[in-house]
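Enquirer: Got a structure here, written out as C-alpha cells. Questions coming.
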Amino acid sequence: MERVYFRNRTYSDVLLLTFTAFVIRSVVFVLIGSFAPIILTLTFGSLIFLGVFTGKKWLHPVLRFWALLLILFGSFRYALWSMVYFSGINEVHIVEQFTVMFNVFNILAIGAGWYLLKKRKRVLVYI
Amino acid sequence: MKSLIKLFVTTILTVACSWGIAQSKFDIHLLQKQLISKMSGVEKLNDSTTLEERGTSADRKRAAELLAEALEEISLDPEEHNYSHPNVNFLVDLLFAPYKGTNVYAVIPATSASDEFVIIGAHYDSEVGAPGADDNATGVALVYALAYQISLMDHRARNFMVVFFDQEESDEIGSKAFARKLKREGVNVHSVHIADMVGWDGDGDFAIEISPASSVMAPVYEEAAKDQGLPVQKTNVMSSDHKSFHDVGYPSILVSEEFVNGDFNPYYHSPEDTYDTINFEYLSSCTELMYGVMDKLASEK
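Residue numbers (this note's numbering), protein chains in the order written: chain A, 1 to 127; chain B, 128 to 428.
Here it is as C-alpha cells:
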C-alpha cells in the first residue's frame, strides 16, 4: 500500500494546527447541540487521513480544497464584517463578533490557507 | 369598661393591620419604580453609573448584576445560569461564535414537601439604543414584586422559581437555553408564567392579554381576573419567552399589554421607550392579576 509523507515538517504542522483549531471550535458547538461544524471538519479530516494512509492521488485536491476553505472562511468573515459595518446593522450578536481575536483568527486562517495551497505539490512524498 | 378596652384593642389592631397592608403595597410599588428607574437609566446604580440601555453584552452584564443584587435585597439567593447557544441558522455556526449570556434566577421553596416548580420570568435585555423601560423593565419589576410577595407567603404548596432572562431580543435565546436546562435536569415544571411589556395602557381600559388562548393556565387567569374585576383577553402571541417553554412541552402563558388589540407601547424598541411613559397603575393591576394566580397556585395542590 502506498503511503504519503510530508517532506516539509512545517507544512504538516500548519495542516495539523488548522485542523486542530477547527476541531476545538467544532467540539464547542457539539457541546451546545450544533453539529454542522463537526460534520464539515470530520469530513475533511477523514479525507486527509485516508489520503495520507492510502497515498491516493486525490490527496492533492483534498489539500487544495481545505486550503481554499480556510481562505474562504477568513475572506467571507471579512466580507460580512464590511457589510455589517457599512450597512449599519446593529444586531449585537454579530457586531460583537468583530474583536481583535476575530481579526487574528481570520488572518491566521487566510495565511495558513495560502501557505497550504502554495506548497502542497512540493511537500508530498509517496512511498 | 371591658367593652371599652375591647374596642380600644380592636381599633389598634385594625389600624395596625391596615397600615401594614398599605405599607406592604407601598413598598412593592416603590420597589417596582426604583427597579424600572435603575434599569432605564433614570436612577444611578450602586457604582454611581447609569444603565442607559441593556443591549450590548457589557450592559447586559451590568443589568444581570443589578438584578442579582435586587434579589439579595429581598432575601433571596440569586444564581446565574451562564449559557452558550448555537446561532439561529446552523450554517452561521460555521462562521461565527455561539451566543453567550446569563439568566439570573432564584428559588422560593415550598413550605411543604413538593417537587413541582412554578416558573415566573421576564427578560431583562433591551434593543440596542432603547432604554427599554416598558420592554421589558416593567416585566422584570412585575416578577420582582411577585418574588417579594411570594417569599412572604406563610404557605406555599409548590416551589417557585423567578427567572430574569437574557437575550429575548435575539430570538429568545436566553429562555431557550433555560428551558433546555430545566429539561436536561428533569425539573418537574408545573407551569411557566412570562411577563413582557406590562406598562402601557393608552385607552385606560386596564385590559390585559394572555397568550396562547389554548394554555391550560388561561382559565386560572380568567378566574383571577374575574375576582379582581380586570378585563382579560385571550390571544395567540408567540413572540416572547413563553414560546421557548411551550416548544419543549411545558405549560406556559404570556401576560402583556394589548399587542393584538392594538393598545401597545408605540415607543417600543426605540430610544423613546422611557421611564416617564410607564403607566404604573396599569403595572400594578397586572401585578395584582399575576399575584392572584400565584396565590391560587401556592394554596392549591
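C-beta atoms are modelled at their ideal positions from N, C-alpha and C, and glycine is treated no differently.
Please list the residues of the region 283-316 of chain B that have a C-beta atom closer than 7 Å to any C-beta atom in chain A, keeping them in chain order.
Expert: Per Cβ criterion, the list reads S297.
Enquirer: Keeping to the same chain, check which residues put their C-beta closer than 6 Å to that of S12 of chain A; ignore five residues upstream and five downstream.
Expert: Counting only Cβ-Cβ distances below 6 Å, and skipping sequence neighbours, we find F6.
Enquirer: Cβ closer than 7 Å: which chain B residues qualify as neighbours of G33 of chain A?
Expert: Result: P213.
Enquirer: From A:L16, A:L17 and A:S34, pick the residue whose C-alpha is nearest to that of V215 of chain B; which is it?
Expert: Minimum Cα distance to V215 of chain B is reached at A:S34.
Enquirer: Can you name the residues of chain B whose CB is closer than 7 Å to the CB of R77 of chain A?
Expert: By Cβ distance, chain B contributes L222.
Enquirer: At 7 Å on the CB atoms, spell out the chain B contacts of H93 of chain A, in chain order.
Expert: Those are Y226 and S297, listed as they occur along chain B.
Enquirer: Taking 8 Å as the threshold (beta carbon to beta carbon), is G248 of chain B in contact with chain A?
Expert: Answer no: the Cβ-Cβ gap between G248 of chain B and chain A never drops below 8 Å.
Enquirer: State the DSSP-derived secondary structure class of F287 of chain B, mapped to helix, strand or coil.
Expert: Strand.
Enquirer: If the cut is a Cβ gap below 8 Å, which residues of chain B does L40 of chain A touch?
Expert: Those are L221, listed as they occur along chain B.
Enquirer: DSSP three-state label for A322 of chain B, please.
Expert: In this structure, A322 of chain B counts as strand in the three-state DSSP scheme.
Enquirer: Which residue's Cα is closest to the Cα of N263 of chain B: B:S412, B:E427 and B:Y402?
Expert: Comparing Cα-Cα distances from N263 of chain B to each of B:S412, B:E427 and B:Y402, the minimum goes to B:Y402.
Enquirer: Could you please tell me which residues of the region 160-187 of chain B, in chain order, have their CB closer than 7 Å to any CB of chain A?
Expert: Listed in sequence order: G182, T183 and S184.
Enquirer: Could you check which residue in B:L162, B:G182 and B:D422 has the C-alpha nearest to that of E296 of chain B?
Expert: Comparing Cα-Cα distances from E296 of chain B to each of B:L162, B:G182 and B:D422, the minimum goes to B:G182.
Enquirer: Taking the straight line between their C-alpha atoms, what separation do you get for Y275 of chain B and L40 of chain A?
Expert: Approximately 50 Å between the Cα atoms of the pair.
Enquirer: According to DSSP, what are the bridge partners of S383 of chain B?
Expert: Bridge partners of S383 of chain B: B:E336.
Enquirer: For N315 of chain B, which residues does DSSP report across the bridge?
Expert: Bridge partners of N315 of chain B: B:E243.
Enquirer: Report yes or no: is there a C-beta of chain B within less than 8 Å of the C-beta of N103 of chain A?
Expert: So, not an interface residue.
Enquirer: Just to confirm the assignment, what range does the alpha helix (DSSP H) spanning Q276 of chain B have?
Expert: Run containing Q276 of chain B: G266 to S278, per the alpha helix (DSSP H) assignment.
Enquirer: In this structure, does DSSP put Q159 of chain B in helix, strand or coil?
Expert: Reduced to three states, the DSSP call for Q159 of chain B is helix.
Enquirer: Which residues in chain B have a C-beta closer than 9 Å to the C-beta of N90 of chain A? List them in chain order.
Expert: Residues of chain B passing the Cβ test: G182, E254, V255 and G256.
Enquirer: Report yes if the CB atom of L117 of chain A is closer than 8 Å to the CB atom of A36 of chain A, and no otherwise.
Expert: Taking 8 Å as the Cβ cut-off, L117 of chain A and A36 of chain A do not qualify as a contacting pair.
Enquirer: Between Q150 of chain B and R187 of chain B, what straight-line distance do the alpha-carbon atoms span, to the nearest angstrom?
Expert: Here the model assigns Q150 of chain B a pLDDT of 45, short of 50, so the residue's position is not dependable, and the following value carries that caveat. About 32 Å.
Enquirer: Give a yes or no on whether 8 Å exceeds the smallest Cβ distance from F244 of chain B to chain A.
Expert: With 8 Å as the cut-off, F244 of chain B does not count as an interface residue toward chain A.
Enquirer: Measuring alpha carbon to alpha carbon, tell me which residue in B:G301, B:A237 and B:E243 is nearest H250 of chain B.
Expert: It is B:G301.
Enquirer: Within 8 Å of any Cβ in chain A, is that where the Cβ of F217 of chain B sits?
Expert: At least one chain A Cβ lies under 8 Å of F217 of chain B.
Enquirer: List in chain order: all unbroken beta strand (DSSP E) runs of 3+ residues lying wholly within the region 167-254 of chain B.
Expert: Complete beta strand (DSSP E) runs here, min 3: 206-212, 226-235 and 243-250.
Enquirer: Provide the residue span of the beta strand (DSSP E) that contains V364 of chain B, from first to last.
Expert: Where V364 of chain B is concerned, there is no enclosing beta strand (DSSP E), given that its DSSP letter is neither H nor E.
Enquirer: Are the beta-carbon atoms belonging to V319 of chain B and S366 of chain B less than 8 Å from one another?
Expert: For V319 of chain B and S366 of chain B, no; Cβs fall outside 8 Å.
Enquirer: Run through chain B and tell me which residues come within less than 9 Å of A21 of chain A, C-beta to C-beta.
Expert: Ordered by position in chain B, no residue passes the 9 Å Cβ test against A21 of chain A, which lies about 13 Å from the chain.
Enquirer: Helix, strand or coil for V375 of chain B per DSSP?
Expert: V375 of chain B falls in the coil class under three-state DSSP.
Enquirer: Classify V104 of chain A as helix, strand or coil using the three-state DSSP reduction.
Expert: V104 of chain A: helix per DSSP, three-state reduction.
Enquirer: Chain B partners of A36 of chain A, CB-CB under 8 Å?
Expert: Result: F217, L218, D220 and L221.
Enquirer: Residues of chain B with CB closer than 7 Å to the CB of F29 of chain A, please, in chain order.
Expert: Result: P213, D220 and P225.
Enquirer: By the 10 Å Cβ neighbour count, where 16 or more other Cβ atoms means buried, how is M421 of chain B classified, buried or exposed?
Expert: By the 10 Å Cβ count, M421 of chain B comes out buried.
Enquirer: With three or more beta-carbon pairs closer than 8 Å as the criterion, would you say the region 276-292 of chain B touches the region 347-355 of chain B?
Expert: No contact exists between the region 276-292 of chain B and the region 347-355 of chain B.
Enquirer: Find the nearest neighbour of S341 of chain B within the set B:D328, B:T177 and B:K370, judged by alpha-carbon distance.
Expert: The option with the nearest alpha carbon to S341 of chain B is B:K370.
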